[in-house]
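Numbering (my numbering), first residue to last: 1 to 229.
Report on one structure; see the data block that follows.
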């Protein structure tokens, strides 16, 4: 692809909010081997936008470019791959923070529920087995918080490799445990936790979607190992 008008065939999946966007920011390799950053109109000829909802009720879209024409006027400038990685890592770190907040809220809801719901004449929170389950997910969430703080510190330190390694480590720590933590919160609520109307189940669905947004746990574990050698 050149910076001048040319044909393009590609498909991009999981654009968050892509169905409602009036412009899309795309990167593409130019004929000289550099990477160009383009601002394109999704309504242009040769573009197909398929909108759908994720299981957490988020709005995403798949965008297909079939012989799409990009003019030189759409080129914002050239950019290196490290800058793109840094931008994606910023998004990953923000999503880890979002997940932590959701897990903390799910645990708080679960603690309140166990304290108020009674069985056999006493609160569920008085049963040791349920106490142990709640403590375990609290400890796991606290471990995620520590990993997030370490990643934020690495970002401020400015070392590129250490930054990427810390963010991938945070991603593995967060989403390696997030579904189990949120799933346990749903389980401790019993039947009500499975209903669509009750909020705790939404946190589980959000963890499932978030973990697939910027590379799954296996991807980031492999990335961390590669950066550590």
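Every residue gets a Cβ at the ideal spot worked out from N, C-alpha and C, and that includes glycine.
Task: Nearest to residue 24 (by Cα), restricted to the options 64, 128, 53 and 31 - done: Within the chain shown, numbered from 1, the residue matching residue 24 stands at position 24. Taking only the C-alpha atoms, the option nearest residue 24 is 64.
Quick test of the definition: if touching needs 3 or more C-beta pairs under 8 angstroms, does the region 141–158 touch the region 89–104? Below 8 angstroms, enough C-beta pairs join the region 141–158 and the region 89–104 to call them touching: three or more.
Check: Excluding sequence positions up to five away, which residues of its chain have a Cβ less than 6 angstroms from the Cβ of residue 183?
Finding: The sequence position of residue 183 within the chain shown is 183, counting from 1. If you ignore the 5 residues before and after residue 183, its C-beta comes within less than 6 angstroms of the C-beta of 204, all in its own chain and listed in chain order.
Residues of its chain near residue 37, where Cβ-Cβ distance is below 8 angstroms and the 5 sequence neighbours each way are ignored = Locating residue 37 in the chain shown gives position 37, where the first residue counts as 1. Cβ neighbours of residue 37 beyond the five flanking positions: 25, 26, 27, 75, 76, 77, 78 and 79.
Note to self: Can you tell me whether residue 169 is buried or exposed? The criterion is at least 16 other CB atoms within 10 Å of its CB, across all chains shown.
What the structure shows: For this step, residue 169 is matched to residue 169 along the chain shown. Its Cβ being crowded by 16 or more others within 10 Å, residue 169 is buried.
- Message: My output table needs one value for residue 13: the three-state DSSP class, helix, strand or coil.
- Response: Counting from 1 along the chain shown, the entry for residue 13 is found at position 13. In this structure, residue 13 counts as strand in the three-state DSSP scheme.
Residue 135: which of 111, 195 and 44 sits nearest, CA to CA?
On the chain shown, residue 135 is found 135 positions in, with the first residue counted as 1. Among 111, 195 and 44, the Cα nearest to that of residue 135 belongs to 111.
For residue 161, is the classification buried or exposed, using 16 other Cβ atoms within 10 angstroms of its Cβ as the cut-off for buried? By 1-based counting over the chain shown, the position of residue 161 is 161. Burial call: exposed.
For the beta strand (DSSP E) containing residue 54, name the first residue and the last one.
Along the chain shown, read from residue 1 onward, the residue named residue 54 stands at position 54. Taken as a continuous stretch (DSSP letters only), residue 54 belongs to no beta strand (DSSP E), as it is neither H nor E.
- [ ] Sort out for me which residues DSSP pairs residue 49 with in a bridge.
- [x] If you number the chain shown from 1, residue 49 lands on position 49. Beta-bridge analysis with DSSP links residue 49 to 63.
Rounded straight-line distance, which links the Cα of residue 14 to that of residue 88: By one-based count along the chain shown, residue 88 stands at place 88. By one-based count along the chain shown, residue 14 stands at place 14. In a straight line, the C-alpha of residue 88 is about 14 angstroms away from that of residue 14.
message: With a threshold of 6 angstroms on Cβ separation, who are the neighbours of residue 210 within its own chain once the five nearest residues in sequence on each side are excluded?
response: Taking the chain shown and counting its residues from 1, the one referred to as residue 210 is at position 210. Within the same chain, residue 210 has close Cβ partners 95 and 99.
Quick one: measure Cβ to Cβ for residue 193 and residue 202, integer angstroms, because I've assumed they're closer than 8 angstroms.
For this step, residue 193 is matched to residue 193 along the chain shown. For this step, residue 202 is matched to residue 202 along the chain shown. With a Cβ gap of about 11 angstroms, residue 193 and residue 202 do not count as contacting.
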